């Protein structure tokens, strides 16, 4: 990835941030319900389930919409076809991981609601460290791993998000939580 190609990434990031806000809103209404011991377990389960399902649906819809609109969106910033192609490559790979990202955000809210913020911290740190370690390997190549350029940067981000979800799933499946 050239420095010029990487300059397109900040144009895409605001869209990703906007997309990430919604699942937090879906899951957040369940947080007060899930964190209050006087609320019935059924209400907490329903709130958590609805937030989780809405987050996944949001991820699928936004993945399709975002991939579809990105070429036109990027053309508003530049007419350089090489730069637009790099932006489309990066954004398509990142947006293909949107469902994974939405699941991670839903889990974050569930663990927050039941007072298990250390789990969220470990999951997020694990994903970030994975991304940081994989970025140079996938961008520039190392040993048998070929240089992928900007596609490698996007793939490293997605793999880091998957790893965060794996941490959440391991804890979710191996520990007792008041909400399932």
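In this note's numbering, the protein residues as written are 6 to 185. Glycine included, every Cβ here is placed at the ideal spot set by N, Cα and C. None of the values given here were measured: they were computed from a predicted structure.
Span of the alpha helix (DSSP H) around residue i
{"i": "residue 136", "result": "122-145"}
{"i": "residue 87", "result": "86-101"}
{"i": "residue 164", "result": "155-179"}
Other residues of its chain near residue i: CB distance less than 7 angstroms, five sequence neighbours each side excluded
{"i": "residue 61", "result": "104, 107 and 108"}
{"i": "residue 138", "result": "none"}
{"i": "residue 133", "result": "165"}
{"i": "residue 148", "result": "none"}
{"i": "residue 82", "result": "16"}
Residue j beta carbon less than 7 angstroms from that of residue i
{"i": "residue 156", "j": "residue 94", "result": "yes"}
{"i": "residue 182", "j": "residue 160", "result": "no"}
{"i": "residue 128", "j": "residue 172", "result": "yes"}
{"i": "residue 165", "j": "residue 135", "result": "yes"}
{"i": "residue 71", "j": "residue 100", "result": "yes"}
{"i": "residue 13", "j": "residue 73", "result": "no"}
{"i": "residue 67", "j": "residue 130", "result": "no"}
Residue i classed as buried or exposed, judged by whether at least 16 other C-beta atoms fall within 10 angstroms
{"i": "residue 113", "result": "buried"}
{"i": "residue 122", "result": "exposed"}
{"i": "residue 124", "result": "buried"}
{"i": "residue 152", "result": "exposed"}
{"i": "residue 17", "result": "buried"}
{"i": "residue 187", "result": "For residue 187 there is no data in the structure shown, the boundaries of the chain being 6 and 185."}
{"i": "residue 158", "result": "buried"}
{"i": "residue 87", "result": "exposed"}
Close beta carbons around residue i, own chain, < 6 angstroms, minus the five adjacent residues each side
{"i": "residue 43", "result": "With a pLDDT of 46 at residue 43, under the threshold of 50, the predicted position of this residue should be treated as unreliable, and no value is reported."}
{"i": "residue 64", "result": "103, 104 and 107"}
{"i": "residue 79", "result": "89 and 92"}
{"i": "residue 146", "result": "152"}
Close beta carbons around residue i, own chain, < 8 angstroms, minus the five adjacent residues each side
{"i": "residue 76", "result": "89 and 93"}
{"i": "residue 150", "result": "142 and 143"}
Residue of the options minimising C-alpha distance to residue i
{"i": "residue 56", "options": "65, 111 and 120", "result": "111"}
{"i": "residue 177", "options": "119, 85 and 154", "result": "119"}
beta-carbon residue i near the ligand COA non-hydrogen atom, thresh 6 angstroms
{"i": "residue 116", "result": "Within the structure as shown, the ligand COA is missing, as the structure has no ligands at all."}
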